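J.: In my numbering, the protein residues as written are 117 to 843. Cβ atoms here follow ideal geometry from the backbone N, Cα and C, with glycine treated the same way. These numbers were taken from a predicted model, which means no experiment stands behind them. This structure is in structure tokens; I'll ask about it shortly.
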């Protein structure tokens, strides 16, 4: 268990900042990218963290320092990166080496470990010391074991390759190796004073020992204060070996010893030592191996950059809709990395004696800045005429669908698209049933739930002019069939990649001319030769026959809203107006009943259409706000003229005309109508009112001569031409 002590965000006894050094060397970019990955991951997963970079006080473990509040651990990293051509797997033998040129020799990390423990100022949470490298390691049976992570750590620091291991059974070997020079110098001093032998190692340490040696023409012994100049452990072992309580009195009169100290000796500079070897206790070594982790065979620089790009795509898939994301080029996606790196560099570059740790709030700022830039890219490439799913997600009602005689749900279809073998699905319904919204829901949720699936959503209304004839996959790219919908990279993915799972959604097939529909069907036939690709189209029921005649298609018929679903819809749309459930229930029940009764629709059929019930909530939103403050009964409130069915008809007609015009102009349904179309809107509205009168009085014998005259005939013909519908 970890010690539940304050972290850097705790009390005043814990250092809230650190002294920052400057990054440099061959592994600079690897170290920086590693830190960026940790920040990105922790921020995306909303894991509270503290991060330092180039923490000067932490010796060999200063590269990246990460604290996670859950499970309350510090991770101190030393990053080592080697280019592939310079890589060779390390061995136990190389780790036990005492060579100063060996970057992986453990003795230097044990020394650094001791310095960290001595200088630590950041609280008492558990500390792990990790050497993180892309270099491989030849594991040997029984000498290492897999590291077991706690809490959220594994989600932040592990990658798609590499191992995290701890060593066992190396303590004795490491003790002997790391203290090798220490015991050699003790032995050499002993032999010098007792036997008169000069060992080779004394030549290396002569300059360091000289201040501790008193030399005369006839005698060599220690100075009176030599113990003050030696490490305590060195003096202790010398006393023990010489078996003399006062070793200052031990001396040598041997001529070779006198010559060694009195004469100049030529020792190569490379071998000269600047300090005496330190002694490392066994308990320190044992604790080091308990706290030390070797993370070997980790991603190299290019792989880390690729992983960061892939994980940034996962983040984007959560909030950028498929119809927009499909248009993103690799360069646009790269804006995330460039922005993230720029924000980090602005924090990293200043060399300060007192730099604050990076925390989750900073990581969130980085993400928000990247999101801002990416949303600008979305605005550039967005091209839809229907309402964005993002705008209605808060009040979306899960849909029921019928597949032949069986019922299913939109949630089940999302999973089926990933698991079932069927390649071709057709979502069908009549106007106003929410086909486009459902297609956005399906595409968006496949994209968010299944990260291994490439998801593309196309709107048929965006096919401009004549659709090219496609006979083979290469025609798709050669003839720019998807140029209006997808980036070059994504078109290439569809045409050339036969491994990546692809879900292609094509909305509103029925809106195309018959000749264009035929071309799309030829395109679908070619696309279905890719077994890794699934297609979902939406269309009205009359187009389904075309599909079933040519393909093995799984039809999915959208079902109208039930009474319960209609009530759910009101609850979701108006939840922010009032939390009074009784008021909401009485108002919505009365509204549904009145509308359907007034238009002679006892089965609530009129409000069972998603488009009409959405319009109803928009039209009567202000009325509901008034009712929430109304003290009298709901029946009294509904006597007002605003609930007259004629008023409702006028409002719905106006909204339908606006939607139809916006759709033709490829403008979002919710957008205000361009004033340029005011006269058109008025003329069509007038036609519909006349046409409504004809339908209303069709059985009135006295009015038959009037409603069958030339005016009504021309109006009916005009309406057929404009093809205004609820779609």
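(1) Closer than 7 angstroms by C-beta to residue 307: which residues in its own chain qualify, once you throw out the five before and the five after it? Chain order, please.
(2) Considering just the uninterrupted stretch of the beta strand (DSSP E) at residue 166, what are its terminal residues?
(3) Taking its Cβ as the centre, do 16 or more other Cβ atoms sit within 10 Å of residue 117, making it buried, or is it exposed?
(4) Can we say the stretch 379-395 touches the stretch 292-301, given the rule of at least three CB pairs closer than 8 angstroms?
(5) Drop a sphere of 10 angstroms on the beta-carbon of residue 149, count the other beta-carbons inside from all chains shown, and report buried for 16 or more, exposed for fewer.
(6) Compare the C-alpha of residue 560 against each of 447, 530, 699 and name the closest.
(7) Report the rounded CA-to-CA distance for residue 692 versus residue 270, giving the unit in angstroms.
(8) I'd like the span of the beta strand (DSSP E) that includes residue 336, first residue to last.
(9) According to the neighbour-count rule (16 or more other Cβ atoms, all chains shown, within 10 Å of its Cβ), is residue 258 buried or exposed?
(10) State the DSSP-derived secondary structure class of residue 651, mapped to helix, strand or coil.
(11) Going by alpha carbons, who is nearest to residue 249 out of 228, 195, 205, 218?
(12) Could you give the residue range of the alpha helix (DSSP H) that holds residue 575?
(13) Under 8 angstroms Cβ to Cβ from residue 609, same chain only, skipping five residues before and after it: list those, please.
(14) Going by beta carbon distance, what residues of the same chain come within less than 8 angstroms of residue 817, once the five residues before and after it are set aside?
(15) What is the rounded straight-line gap between the Cα of residue 873 and the Cα of residue 235?
(16) Provide the residue(s) that pair with residue 643 in DSSP beta bridges, ordered along the chain.
(17) Express the C-alpha separation of residue 161 and residue 656 in angstroms, rounding to a whole number.
(18) Answer with buried or exposed for residue 168, where buried requires no fewer than 16 other C-beta atoms within 10 angstroms of its C-beta.
(19) For residue 623, name the three-state secondary structure that DSSP assigns.
(20) Is the stretch 519-526 touching the stretch 666-680 in the sense that three or more CB pairs, one from each, lie closer than 8 angstroms?
(21) For a test of the three-state rule: what should DSSP assign to residue 253, helix, strand or coil?
(22) What does the Cβ neighbour count give for residue 822, buried or exposed, with the cut at 16 atoms within 10 Å?
(23) Note the first and the last residue of the continuous alpha helix (DSSP H) segment covering residue 728.
(24) How would you label residue 251, buried or exposed, when you count the other beta carbons within 10 angstroms and need 16 or more for buried?
(25) Quick one: Cα of residue 413 to Cα of residue 277, how far?
(26) Between residue 777 and residue 789, which are expected to be in contact by the criterion C-beta below 8 angstroms, what is the C-beta distance as a whole number of angstroms?
(27) Which whole-angstrom value describes the C-beta separation of residue 556 and residue 573, a residue pair presumed to lie in contact below a C-beta threshold of 8 angstroms?
(28) Measure the C-alpha to C-alpha separation of residue 222 and residue 211 and round it to an integer number of angstroms.
(29) Cutting at 6 angstroms between CB atoms, please list the residues of its own chain near residue 285, excluding the five before and the five after it.
(30) Take the Cβ of residue 726 as the centre, count every other Cβ of all protein chains shown within 10 Å, and call the residue buried at 16 or more, exposed below.
(31) Can you grab the Cα-Cα spacing for the pair residue 398 / residue 408, in whole Å?
(32) I need the DSSP call for residue 822, collapsed to helix, strand or coil.
(33) Can you tell me which residues form a DSSP beta bridge with residue 200?
(34) How big is the Cα-Cα spacing for residue 759 and residue 547?
(35) Please return the same chain residues whose Cβ sits closer than 7 angstroms to the Cβ of residue 377, not counting the five positions on each side in sequence.
(36) Check residue 817 in the structure and name its three-state DSSP category.
T.: The relevant details are as follows:
(1) Non-local C-beta neighbours of residue 307 in its own chain, meaning closer than 7 angstroms and more than five positions away in sequence, comprise 313, 315, ordered along the chain.
(2) 165-169
(3) Legend: pLDDT at residue 117 = 33, less than 50; position of this residue unreliable, value from coordinates given subsequently. Classification for residue 117: exposed.
(4) yes
(5) buried
(6) It is 530.
(7) 40 angstroms
(8) 336-338
(9) exposed
(10) strand
(11) 195
(12) No alpha helix (DSSP H) contains residue 575, which is instead part of the beta strand (DSSP E) from 569-575.
(13) 570, 616, 618
(14) Residue confidence is low: residue 817 scores 49 on pLDDT, short of 50, so the model does not pin down where it sits. Its coordinate-derived value is still stated next. Excluding positions up to five away in sequence, the list is empty.
(15) Nothing about residue 873 can be read from this structure; the chain reaches only from 117 to 843.
(16) None, per the DSSP bridge assignment.
(17) 41 angstroms
(18) buried
(19) strand
(20) yes
(21) strand
(22) Reliability of the predicted coordinates at residue 822 is poor, the pLDDT of 47 falling under 50, and the value obtained from them is presented with this limitation in mind. Its Cβ having fewer than 16 others within 10 Å, residue 822 is exposed.
(23) 726-735
(24) buried
(25) 7 angstroms
(26) 6 angstroms
(27) 7 angstroms between Cβ atoms; contact.
(28) 5 angstroms
(29) Around residue 285: 259.
(30) buried
(31) 15 angstroms
(32) Reliability fails at residue 822, whose pLDDT of 47 lies under 50, so the model's placement of it is uncertain and no value is given.
(33) Its beta-bridge partners do not exist; DSSP assigns none.
(34) 25 angstroms
(35) 329, 331, 336
(36) Here the model assigns residue 817 a pLDDT of 49, short of 50, so the residue's position is not dependable, and the following value carries that caveat. Under the three-state reduction of DSSP, residue 817 is assigned to helix.
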